[in-house]
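Novice: Sequences listed follow chains A and B, in order.
Heads up, the first sequence is in our numbering, so the first residue is 1 and it goes up one at a time.
Heads up, the second sequence is in our numbering, so the first residue is 1 and it goes up one at a time.
Ideal placement from N, C-alpha and C gives every residue a C-beta, glycine not left out.
Supplied in structure tokens, the structure appears directly below.
2 protein chains.
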Amino acid sequence: MNSVKDFEAKEVLKYFFEPRSVAIIGVSRHEGKPGYHVLENFVVNKEKGVFKGEIYPVNPKGGEILGLKVYRSVLEIPNEIEHAVIIVPAAIVPKVLEECGKKGVKAVTIISSGFSEIGNVELEEEVKRKAKKYGVRIIGPNGLGVFSPYTGVDTIFLPPFKKNGYGKELLSTPRPQKGYIALISQSGAFGISALDYTAGIGIGISKFVSYGNRIDIDEAPIIKYLGDDPSTRVITIYVEGIRRGREFMEACKEVTLKKPIIVLKAGRTSAGTRAAASHTASLAGSIQIYNAAFKQSGCIAADTLEALFDMAKALVFQPPAKGRNVAILTDGGGFGVISADMCEYLGLNVSTFSGKLQQKFEELKRKGDLPEFAATRNPIDVTGIATSEMYEISAELVLSSDEVDSLVVIALHHPATMHDDVADRIARVAEKYRKPVVAVDVGETDYARYLRRRFEELHIPAYPSPERAVKAVKALTEYGEYLKKRGVLEEYLKRWEPLSSLKRNNISIS
Amino acid sequence: MNSVKDFEAKEVLKYFFEPRSVAIIGVSRHEGKPGYHVLENFVVNKEKGVFKGEIYPVNPKGGEILGLKVYRSVLEIPNEIEHAVIIVPAAIVPKVLEECGKKGVKAVTIISSGFSEIGNVELEEEVKRKAKKYGVRIIGPNGLGVFSPYTGVDTIFLPPFKKNGYGKELLSTPRPQKGYIALISQSGAFGISALDYTAGIGIGISKFVSYGNRIDIDEAPIIKYLGDDPSTRVITIYVEGIRRGREFMEACKEVTLKKPIIVLKAGRTSAGTRAAASHTASLAGSIQIYNAAFKQSGCIAADTLEALFDMAKALVFQPPAKGRNVAILTDGGGFGVISADMCEYLGLNVSTFSGKLQQKFEELKRKGDLPEFAATRNPIDVTGIATSEMYEISAELVLSSDEVDSLVVIALHHPATMHDDVADRIARVAEKYRKPVVAVDVGETDYARYLRRRFEELHIPAYPSPERAVKAVKALTEYGEYLKKRGVLEEYLKRWEPLSSLKRNNISIS
Numbered sequence: 001m002n003s004v005k006d007f008e009a010k011e012v013l014k015y016f017f018e019p020r021s022v023a024i025i026g027v028s029r030h031e032g033k034p035g036y037h038v039l040e041n042f043v044v045n046k047e048k049g050v051f052k053g054e055i056y057p058v059n060p061k062g063g064e065i066l067g068l069k070v071y072r073s074v075l076e077i078p079n080e081i082e083h084a085v086i087i088v089p090a091a092i093v094p095k096v097l098e099e100c101g102k103k104g105v106k107a108v109t110i111i112s113s114g115f116s117e118i119g120n121v122e123l124e125e126e127v128k129r130k131a132k133k134y135g136v137r138i139i140g141p142n143g144l145g146v147f148s149p150y151t152g153v154d155t156i157f158l159p160p161f162k163k164n165g166y167g168k169e170l171l172s173t174p175r176p177q178k179g180y181i182a183l184i185s186q187s188g189a190f191g192i193s194a195l196d197y198t199a200g201i202g203i204g205i206s207k208f209v210s211y212g213n214r215i216d217i218d219e220a221p222i223i224k225y226l227g228d229d230p231s232t233r234v235i236t237i238y239v240e241g242i243r244r245g246r247e248f249m250e251a252c253k254e255v256t257l258k259k260p261i262i263v264l265k266a267g268r269t270s271a272g273t274r275a276a277a278s279h280t281a282s283l284a285g286s287i288q289i290y291n292a293a294f295k296q297s298g299c300i301a302a303d304t305l306e307a308l309f310d311m312a313k314a315l316v317f318q319p320p321a322k323g324r325n326v327a328i329l330t331d332g333g334g335f336g337v338i339s340a341d342m343c344e345y346l347g348l349n350v351s352t353f354s355g356k357l358q359q360k361f362e363e364l365k366r367k368g369d370l371p372e373f374a375a376t377r378n379p380i381d382v383t384g385i386a387t388s389e390m391y392e393i394s395a396e397l398v399l400s401s402d403e404v405d406s407l408v409v410i411a412l413h414h415p416a417t418m419h420d421d422v423a424d425r426i427a428r429v430a431e432k433y434r435k436p437v438v439a440v441d442v443g444e445t446d447y448a449r450y451l452r453r454r455f456e457e458l459h460i461p462a463y464p465s466p467e468r469a470v471k472a473v474k475a476l477t478e479y480g481e482y483l484k485k486r487g488v489l490e491e492y493l494k495r496w497e498p499l500s501s502l503k504r505n506n507i508s509i510s
Numbered sequence: 001m002n003s004v005k006d007f008e009a010k011e012v013l014k015y016f017f018e019p020r021s022v023a024i025i026g027v028s029r030h031e032g033k034p035g036y037h038v039l040e041n042f043v044v045n046k047e048k049g050v051f052k053g054e055i056y057p058v059n060p061k062g063g064e065i066l067g068l069k070v071y072r073s074v075l076e077i078p079n080e081i082e083h084a085v086i087i088v089p090a091a092i093v094p095k096v097l098e099e100c101g102k103k104g105v106k107a108v109t110i111i112s113s114g115f116s117e118i119g120n121v122e123l124e125e126e127v128k129r130k131a132k133k134y135g136v137r138i139i140g141p142n143g144l145g146v147f148s149p150y151t152g153v154d155t156i157f158l159p160p161f162k163k164n165g166y167g168k169e170l171l172s173t174p175r176p177q178k179g180y181i182a183l184i185s186q187s188g189a190f191g192i193s194a195l196d197y198t199a200g201i202g203i204g205i206s207k208f209v210s211y212g213n214r215i216d217i218d219e220a221p222i223i224k225y226l227g228d229d230p231s232t233r234v235i236t237i238y239v240e241g242i243r244r245g246r247e248f249m250e251a252c253k254e255v256t257l258k259k260p261i262i263v264l265k266a267g268r269t270s271a272g273t274r275a276a277a278s279h280t281a282s283l284a285g286s287i288q289i290y291n292a293a294f295k296q297s298g299c300i301a302a303d304t305l306e307a308l309f310d311m312a313k314a315l316v317f318q319p320p321a322k323g324r325n326v327a328i329l330t331d332g333g334g335f336g337v338i339s340a341d342m343c344e345y346l347g348l349n350v351s352t353f354s355g356k357l358q359q360k361f362e363e364l365k366r367k368g369d370l371p372e373f374a375a376t377r378n379p380i381d382v383t384g385i386a387t388s389e390m391y392e393i394s395a396e397l398v399l400s401s402d403e404v405d406s407l408v409v410i411a412l413h414h415p416a417t418m419h420d421d422v423a424d425r426i427a428r429v430a431e432k433y434r435k436p437v438v439a440v441d442v443g444e445t446d447y448a449r450y451l452r453r454r455f456e457e458l459h460i461p462a463y464p465s466p467e468r469a470v471k472a473v474k475a476l477t478e479y480g481e482y483l484k485k486r487g488v489l490e491e492y493l494k495r496w497e498p499l500s501s502l503k504r505n506n507i508s509i510s
């Protein structure tokens with residue numbers, strides 16, 4: 001594969017994600033069968049007005065399913081097909097693909113499994129040859145394919161609901177709401193779990209690709225495509241091994257000038273590498289080499305699924321940081337200590353404020369705006385008699401100072417004097433300065449969950465622990481440093497639009 | 001303080017936690033005042049039948065509050081007082097304490113703040129002198145005091161509910177249900193947040209102590225008391241600095257032979273240490289020295305609040321591991337890789353199974369009990385066509401083998417063939433072998449949450465990520481290694497009772 005083909009692949013991705021017509025080849029009338037559920041996804045999304053293309057089910061038996069005429073072959077369909085989804089037994093995939101080729105289909109998602117992953121290497125080669133012969137571009141096989149809540153494309157064959165042992169239907173394989181994070185996953189199970197995670201915590205997804213054995217389209221063209229996708233503000237990637245390292249790095253170098261890319265690379269230890277070899281046949285490659293490549297191309301490395309989305313959320317909502325100096329603002333001294341530990345551990349600075357800045361805090365104390373015994377050297381601890389006003393006034397002071405590049409706001413809601421307008425006040429101050437602000441409230445009952453949500457509605461990413469918040473700040477800092485190294489940070493920050501202003505200016509992001 | 005006094009303190013702790021009579025000194029009739037809410041806690045718990053002692057409100061104004069006669073002084077109360085809770089302005093604490101001394105009260109919780117933490121060192125010294133003079137033992141001042149869902153003692157002055165900005169009452173400062181984990185916290189805010197966290201994730205608490213400035217009772221006697229407390233199976237501790245290191249280590253050495261202790265030490269870096277000095281005036285002490293002390297006395301170190309309770313939950317439900325060999329069983333290869341990485345990172349072994357064990361897996365494949373292309377070298381990957389039966393049969397095989405000391409079960413619920421009886425089947429196998437088993441399902445919507453809960457109802461600790469599960473296994477392994485070093489592992493395991501058998505044998509744990 002060469003860059004011309006990558007360019008084509010990038011172009012063809014719009015057919016995968018926004019087809020005017022889709023053929024589902026291998027539909028079934030039986031609930032529980034993948035070929036039923038994929039068709040159902042498109043039909044339901046069309047009813048909802050989300051999927052706007054035409055849907056053509058294909059099965060040699062013909063007939064009608066879900067109110068749609070079933071064609072016996074893709075060749076029988078009277079109209080042009082932009083995207084074909086193949087869900088037939090592995091052995092007949094080459095034949096079906098040949099028909100797609102003859103039909104002139106450019107984008108084919110192969111969901112079917114039973115290829116190289118179980119040793120059927122020759123069958124997979126045959127599929128590759130057919131694809132090449134007709135210039136068909138392929139996502140898959142043995143993956144979940146593609147999904148976007150913006151366009152209603154959804155080739156995930158697992159239905160959203162499943163019954164538990166008591167016969168109760170539970171949301172089992174949710175599709176996340178519209179969001180700003182794209183996910184590319186080498187592992188289908190990781191991908192589906194990540195969708196379950198993001199749906200549950202309510203952060204949403206822009207586009208999802210699970211390319212399975214990636215016999216054709218792989219990371220590089222997808223990354224380039226997502227780089228231009230207006231609904232994607234951050235790209236997240238799960239990989240065990242990158243196949244075309246140079247192309248991957250080139251794509252990342254290009255795209256990271258426009259938006260952040262976060263990579264979770266599994267198989268980082270000898271035990272993990274061994275497991276990866278048996279899972280995706282990914283070649284061993286030292287994690288040091290991977291990390292160097294990620295760093296060089298501006299990718300941020302995440303170490304867990306949770307961190308991947310914690311960081312992504314921060315980068316969706318907040319601008320990159322100009323430097324490593326973090327201010328910590330808290331109403332619980334203990335979490336101030338924990339945050340300071342985590343900052344230093346991750347290479348961020350929690351420097352004692354200058355005498356000049358401390359003097360300003362002393363003035364606030366004298367005026368009675370802050371408690372007499374508040375700690376104000378950094379961390380700032382407004383103590384258990386904290387109010388939202390104290391948060392606002394302290395945030396204003398540090399964000400307006402050159403000494404501070406980012407702010408961690410630990411707004412524990414428990415003190416009687418604390419109220420939820422702390423979120424509004426912090427968001428108001430944060431909007432004035434182009435410096436990243438993240439929030440923390442610790443707890444898993446109503447008020448804590450509510451306050452974190454309120455922060456996020458105002459585009460301040462909120463975390464249930466200071467450690468996770470500081471990791472997010474690290475990502476914002478790392479991205480800022482990369483942009484600075486490339487000489488584009490100032491320009492990037494000037495161009496950077498907060499989500500709120502996108503909404504205010506009525507810029508459509510879908 | 002000496003060990004005689006520690007012995008006394010340990011004895012007096014039963015008055016703190018199970019008083020037959022309690023005086024609340026400084027009650028208020030005004031909602032929002034700490035003196036109102038502490039009284040309310042006891043009154044409500046008495047109505048519920050949880051608190052069984054007599055309640056005597058004290059306020060110089062007299063009258064009646066919440067249906068109870070208010071005494072003008074503790075000296076006026078006609079009966080003996082086992083536990084007095086002081087919630088009066090700092091300046092009059094010495095006077096009130098003197099009265100408690102004269103009354104013969106042995107256990108006093110001082111909630112009031114305004115002592116050394118804001119520079120009033122002399123006032124604090126005066127309190128110490130009064131306490132010594134009368135032999136009164138003190139928890140506090142400037143802490144939240146004590147709480148136990150078993151006995152209904154609750155000196156936490158923050159009411160459970162609070163209104164948000166829209167006037168809606170939300171659960172804000174919950175009291176966790178009865179559980180098996182004790183928590184000692186040097187930071188009040190950390191403590192209250194930890195209660196919010198444990199209540200929300202439903203793991204419960206046995207006893208909670210927030211000792212604030214710890215002018216008298218500190219960690220050592222509390223640890224010894226909890227060591228004998230039948231409702232406590234695991235002790236968790238948040239500290240920024242240990243004051244009496246020798247006594248702390250002695251107490252831990254004694255108690256860790258009976259039950260695990262997990263410590264989250266904050267102030268581990270220079271930034272954190274500086275923050276801790278300003279927060280609790282804890283002396284700098286290198287984290288290396290702390291870690292060595294923890295290790296020597298059998299304490300397990302946690303690095304986050306989340307890890308503290310992830311580990312605690314595992315140690316409540318599961319026995320310690322005999323060695324470092326972990327088996328990983330998954331239906332998602334990616335999470336197998338991630339788990340293997342995490343194991344190696346934490347010093348656990350994910351060794352390739354012996355030829356003999358692999359042979360047994362091959363037999364299962366031949367019989368059709370496992371998928372032909374399942375990976376079975378470790379991790380075991382039963383793939384996306386996994387069934388509960390495959391999990392049971394694989395778990396049986398590895399747990400019965402000498403090659404395996406613990407098992408991580410990654411039971412992603414998404415595949416169509418997967419059902420929730422996987423929890424029951426795994427629990428059944430786990431009960432046969434005295435080896436730790438932990439479970440994982442990834443996702444934050446209904447089915448994932450439900451399946452994790454089902455595992456936990458069967459006493460298999462369940463986690464939303466493999467990394468957290470592996471950290472829990474690390475704690476189980478570390479504790480096993482410590483017991484082995486002390487020469488008591490075999491005996492401990494013989495004596496060890498799973499929660500389920502405690503329940504079966506009708507052993508009261510309250």
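By the three-class DSSP mapping on this structure, what secondary structure does B/H30 have?
Specialist: coil
Novice: A/S112 touches chain B at which residues, Cβ-Cβ below 7 Å?
Specialist: Near A/S112 there are no residues of chain B at all, since even the closest Cβ is about 13 Å away, more than 7 Å.
Novice: Sort out for me which residues DSSP pairs A/R137 with in a bridge.
Specialist: Beta bridge pairing from DSSP links A/R137 with A/A107.
Novice: How is B/E82 classed by DSSP in three states: helix, strand or coil?
Specialist: coil
Novice: Looking at B/L511: is its Cβ nearer than 7 Å to the Cβ of B/G188?
Specialist: Absent from the structure is residue 511 of chain B, since the part of chain B shown begins at 1 and ends at 510.
Novice: Let me know the secondary structure DSSP gives B/E240 once reduced to three states.
Specialist: coil
Novice: Give a yes or no on whether the minimum CB-CB distance between B/N506 and chain A is below 7 Å.
Specialist: For B/N506, the pLDDT reaches just 44, beneath the cut-off of 50, and the residue's location in the model is therefore unreliable, although a value from the coordinates is still provided. With 7 Å as the cut-off, B/N506 does not count as an interface residue toward chain A.
Novice: Out of B/G272, B/V239, B/A277 and B/A448, point me to the one whose CA is closest to B/I261's CA.
Specialist: B/V239
Novice: In this structure, how does DSSP classify A/P19 when only helix, strand and coil are distinguished?
Specialist: coil
Novice: With a threshold of 8 Å on Cβ separation, who are the neighbours of A/K162 within its own chain once the five nearest residues in sequence on each side are excluded?
Specialist: E169, L170, S172 and T173
Novice: Using a cut-off of 7 Å between C-beta atoms, extract the partners of A/R324 located in chain B.
Specialist: Those do not exist, as A/R324 stays about 12 Å from chain B at its closest Cβ, beyond 7 Å.
Novice: What does DSSP give as the partner residue(s) for A/T376 in the beta ladder?
Specialist: A/I380
Novice: Taking beta-carbon pairs under 7 Å, can you tell me which members of the stretch 453 to 470 of chain A lie near chain B?
Specialist: So the list reads S465 and E467, given in the order they occur along the chain.
Novice: For A/D369, does the three-state DSSP call read helix, strand or coil?
Specialist: coil
Novice: Judging by CA-CA distance, which residue of A/G140, A/G165 and A/I25 is the nearest neighbour of B/H413?
Specialist: A/G165
Novice: Between which two residues does the alpha helix (DSSP H) holding A/G334 run?
Specialist: Counting along the chain, the alpha helix (DSSP H) containing A/G334 begins and ends at G333 to Y345.
Novice: How would you list, in chain order, the residues of chain A whose beta-carbon sits under 8 Å from the beta-carbon of B/E240?
Specialist: G334 and V337
Novice: Express the C-alpha separation of A/I110 and B/I192 in angstroms, rounding to a whole number.
Specialist: 52 Å
Novice: Measuring only the C-alpha atoms, how far is B/R72 from B/G53?
Specialist: So the two alpha carbons sit approximately 20 Å from each other.
Novice: Unbroken beta strand (DSSP E) runs of length 3 or more, entirely within the stretch 384 to 456 of chain A: which are they?
Specialist: 406 to 410 and 437 to 440
Novice: List the residues of chain A whose Cβ lies closer than 9 Å to the Cβ of B/R214, in chain order.
Specialist: Within 9 Å Cβ-Cβ: nothing; B/R214 doesn't reach chain A, min ~14 Å.
Novice: How is A/L123 classed by DSSP in three states: helix, strand or coil?
Specialist: helix
Novice: Taking the C-alpha atoms as reference points, what is the distance between A/N378 and A/L493?
Specialist: 26 Å
Novice: Any residues in the stretch 246 to 277 of chain B with a beta carbon nearer than 9 Å to a beta carbon of chain A? Which ones, in chain order?
Specialist: Flagged, chain order: L264, A266, G267, R268, T269, S270, A271, G272, T273, R274, A275 and A276.
Novice: Give me the DSSP bridge partner(s) of B/L183.
Specialist: B/F208 and B/T236
Novice: Give the straight-line distance between the Cα atoms of A/F335 and A/I138, rounded to the nearest whole angstrom.
Specialist: 49 Å
Novice: Just how far apart, CA to CA, sit A/P319 and A/L489?
Specialist: 10 Å
Novice: What's the gap between the Cα of A/K367 and the Cα of B/N120?
Specialist: 22 Å
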